[in-house]
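Scroll down for the structure; my scribbles are underneath it.
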Amino acid sequence: MRWTGLIRIAAVLFSLGTTWLFVQTYFNTSWKVVSLRSWLGSDPDPPKTQPLRTKCGNQKSCPESSFAFKVISGAANVVGPSMCFENTIIMSGVKNNIGRGLNIALVNGTNGQLMKTGVFDMYSGDIKLLLDFLKAIQSGTIVIVASYDDPATKLNDEARKLFTSLGSSHASKLAFRDNWNFVGAKGLKNESPFEQHLKNEAAKNKYDGWPEVLEMEGCIPKKMD
Ligand SMILES: *[C@@H]1O[C@H](CO)[C@@H](O)[C@H](O)[C@H]1NC(C)=O
57 MRWTGLIRIA AVLFSLGTTW LFVQTYFNTS WKVVSLRSWL GSDPDPPKTQ PLRTKCGNQK
117 SCPESSFAFK VISGAANVVG PSMCFENTII MSGVKNNIGR GLNIALVNGT NGQLMKTGVF
177 DMYSGDIKLL LDFLKAIQSG TIVIVASYDD PATKLNDEAR KLFTSLGSSH ASKLAFRDNW
237 NFVGAKGLKN ESPFEQHLKN EAAKNKYDGW PEVLEMEGCI PKKMD
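57 is the number of the first residue of the sequence shown in our numbering; add one for each residue after it.
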């Protein structure tokens, strides 16, 4: 518990630190810096308002220029993963659009519209289905991935490289029954800050044969035209 707690904290800090990188590489835009002093000076006593429920129930609300998301990986081979995007559940057991292997949602990075979802059985499925799905992704598309049960047995070099090209730094190492959450984008020039990977290790596994569930949330910068 303590160890996974630390991992969570590290993941959050890492996300904060690298979101800027994501922003920079994804958009190629420059940002105006507003000094804290001028902001405080213009509004020394901001009105106290009730905190609103954030999109997806996330801990922090997201700026207008971004999309809120939450991804929860599968729990062992028992509870399927779920994905929330801008306060809408886009993949879940209730929606009946998830399954064993890799669960993937494609979202338009400009307007946030869900384009497509897919489930790819990586234990006994046909890798060609995943390859075709990944190769067809167009530039400017956000790619959200959650693992369930086994994300890797059928994963080959070509598929791993396609995920790497979307900004993943763990796809190359994914193994049998590892847990994996990932948000990347086609056209990303650097590694995505939104990725979690927990190895299946008998000594550390929470469940008998599987690691603990992973949960990741954050704000994905919108793509400007
Ligand atoms: C995303 O939506 C914008 C319009 O908001 C459109 O111009 C663009 O082609 C869409 N991108 C994809 C990959 O469909």
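Quick reminder that beta carbons are idealized off the backbone N, C-alpha and C, glycines included.
Mind checking which residues open and close the alpha helix (DSSP H) that includes residue i?
i: Phe141; result: First-last for Phe141: Ser138 to Phe141, but that is the beta strand (DSSP E), not the alpha helix (DSSP H).
i: Thr215; result: With the sequence shown as reference, residue 215 is identified as Ala, and Thr is not the correct amino acid for it. Run containing Ala215: Asp213 to Ser221, per the alpha helix (DSSP H) assignment.
i: Phe189; result: Ile183 to Lys191
In angstroms with no decimal places, state the Cα-to-Cα distance between residue i and residue j.
i: Pro119; j: Ala192; result: 30 angstroms
i: Leu162; j: Glu257; result: 30 angstroms
i: Ser224; j: Asn159; result: 15 angstroms
i: Thr110; j: Gly243; result: 29 angstroms
i: Gly155; j: Met147; result: 10 angstroms
i: Pro249; j: Val239; result: 8 angstroms
i: Ser129; j: Phe219; result: 17 angstroms
i: Gly136; j: Lys278; result: 28 angstroms
i: Met272; j: Ser122; result: 16 angstroms
i: Arg216; j: Ala227; result: 5 angstroms
Less than 8 angstroms between the beta carbons of residue i and residue j, yes or no?
i: Ser195; j: Trp236; result: no
i: Asp234; j: Gly157; result: no
i: Leu222; j: Val199; result: yes
i: Phe125; j: Leu170; result: no
So, is residue i buried or exposed, given that buried needs 16 or more other C-beta atoms within 10 angstroms?
i: Thr166; result: exposed
i: Cys275; result: buried
i: Gly113; result: exposed
Which residues mark the beginning and the end of the beta strand (DSSP E) in which residue i is found?
i: Lys151; result: No beta strand (DSSP E) holds Lys151; DSSP gives it neither H nor E.
i: Ile128; result: Ser122 to Ile128
i: Ser228; result: No beta strand (DSSP E) contains Ser228, which DSSP labels as neither H nor E.
Inter-stretch contact at 8 angstroms, needing at least 3 Cβ pairs: the stretch 264-271 / the stretch 177-191: no
If contact is defined by three or more beta carbon pairs under 8 angstroms, each pair taking one atom from either stretch, is the stretch 168-179 in contact with the stretch 202-221? yes
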